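Q: Counting from 318, one number per residue, gives the positions in the sequence shown under my numbering. All C-beta atoms in this analysis are idealised placements derived from N, C-alpha and C, irrespective of residue type, glycine included. As the structure is a prediction and not an experimental result, all values here were calculated from the model.
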Amino acid sequence: MINEVGAIKEKRGRKQKKRKIPDSPEKRILLFGKDVKEIIPLFKNFPQLKIVQENPDFVLSYGGDGTLLSAEYLYPHIPKIPVLKSLRGHRCIHHPPKEVLKRLTEDKLVPYRYMKLVCSVYPGGTTNPSHQFEALNEVMVEKGKINTAVRFKIWIDGISYEGEDRDILGDGFMISTPFGSTAYFSNVTRGIFWNGIGIAFLATSEAVTHMILSEDTLVEVKITRGPAVLAYDNAPESIPLEEGDILVVKKSPKDAIIYSCGVVHKLSEPF
């Protein structure tokens, strides 16, 4: 098995400080989304806001939840302001764009930190990963052929979940953050969670459908029979997996920072 490659040792009980909106009178905004041209004229009302193409203070995503995920994929860890322009946007601010910009200039938007996952892929159990990436929603592995199942084993902090002498058979699995639990995870499990890391099984031989682990858990998964395919969030690329490949998934040391127009008490509440 692979040891904790690059594991981050965190001190328990320490809360992360909320990131403050920059104090400078000028705020640099990168616009993201296919319909952003619609809101460019609004900026003439707010000279404190400058539209830029690089080194932004904020990324304003204009669309739905998928647009927000794409913005975090392309511009990770830069604070996001997700403004709704879609029929689906649970994670987006429902206020009119002009109102959002006004609140931004008045420093009245509220920042929230959301945990991300970091996943490393080790082909054939080698010591150097071929891929490493972060996910805000989830990491998903599914069977590579529609008419064949995938087999896999899971270790939780080095302890075999199903026992060393057996594996899990089915369509695959996903590993989710609390933020992502309101998406595909909830469609599979009919539930969401607010803390930790969630693992959901997709049409497997297991009696349970999912489990919730503490956020500092190290999860290792080995493909014991492929083929399989790995995807995460709405990233454009997917990663083929074969027998012997190992995934190591854990909490990322960096969070996503997403702004809202008000207090968000639960992840199930819209922004």
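Can you give me the Cβ contacts of Pro440 inside the same chain, cut-off strictly under 7 Å, excluding the 5 residues immediately before and after it?
A: Ser447 and Asp562
Q: Do you know how far the Cα of Pro364 is from the Cα of His411?
A: 23 Å
Q: Quick check for students: name the residue ranges of the alpha helix (DSSP H) that lie wholly in the region 389 to 435, counting only runs of 4 or more.
A: 414 to 422
Q: Is Glu523 near Leu564, with beta carbons less than 8 Å apart?
A: no
Q: In whole angstroms, give me the CA-to-CA distance for Leu366 and Val417.
A: Straight-line Cα distance between these residues: approximately 12 Å.
Q: Taking DSSP as the reference, what is the three-state secondary structure of Lys361?
A: helix
Q: Taking all protein chains shown into account, decide if Asp474 is buried (16 or more other Cβ within 10 angstroms of its Cβ) or exposed.
A: Exposed, by the Cβ-count rule.
Q: Spatial neighbours of Glu560 within its chain, please: C-beta separation below 8 Å, excluding the five flanking residues on both sides.
A: Ile540, Thr541, Arg542 and Gly543
Q: Tell me the DSSP bridge mates of Cys348?
A: Sequence inspection shows Leu at residue 348; the Cys mentioned does not correspond to that position. The partner list for Leu348 (beta bridge, DSSP) reads Leu377.
Q: Kindly identify the DSSP beta-bridge partner or partners of Gln449.
A: Ser437
Q: Using the C-alpha atoms, what's the distance from Glu355 back to Lys415?
A: Those two C-alpha atoms are separated by around 11 Å.
Q: If distances are taken between C-alpha atoms only, which option among Met491, Thr494, Lys397 and Lys470 comes closest to Arg483?
A: The alpha carbon of Arg483 has as its nearest neighbour, out of Met491, Thr494, Lys397 and Lys470, the alpha carbon of Lys470.
Q: Can you check whether the CB of Glu455 is closer than 8 Å to the CB of Thr494?
A: yes
Q: What do you get for Arg468, buried or exposed, if any count of 16 or more other CB atoms within 10 angstroms of its CB means buried?
A: buried
Q: Report the residue from Trp511, Thr422 and Lys397 whose alpha carbon sits nearest the alpha carbon of Leu359.
A: Thr422
Q: Return yes when the Cβ of Lys568 is within less than 8 Å of the Cβ of Ile432, no when it is not.
A: What sits at residue 432 in the sequence shown is Met, not Ile. Yes.
Q: Of all the options Tyr392, Tyr379, Tyr390 and Ile476, which has the alpha carbon lying nearest to the alpha carbon of Ser403?
A: Tyr379
Q: Just confirm the distance between the C-beta atoms of Val369 and Leu347, as a whole number of angstroms; I'd bet it's less than 8 Å.
A: 6 Å
Q: Let me check one thing: in DSSP terms, what residues is Arg468 bridge-paired to?
A: Leu486 and Arg542
Q: I think Pro557 touches Gly461, with their Cβ atoms under 8 Å apart; what is that distance to the nearest whole Å?
A: 7 Å
Q: DSSP on Lys571, reduced to helix/strand/coil?
A: coil
Q: For the alpha helix (DSSP H) that contains Phe502, what are its first and last residues?
A: Per DSSP, Phe502 is one residue of the alpha helix (DSSP H) stretching across Tyr501 to Thr506.
Q: In terms of residue numbering, what span does the beta strand (DSSP E) encompassing Ile556 cover?
A: Ile556 to Leu558
Q: If we ignore side chains and look at the alpha-carbon of each, how far apart do Asn551 and Thr534 end up?
A: 24 Å
Q: Where does Leu401 land, buried or exposed, given buried means 16+ other C-beta within 10 angstroms?
A: buried
Q: State the DSSP-derived secondary structure class of Lys460, mapped to helix, strand or coil.
A: strand
Q: Closer than 7 Å by C-beta to Ser503: which residues in its own chain qualify, once you throw out the five before and the five after it? Chain order, please.
A: Ile509
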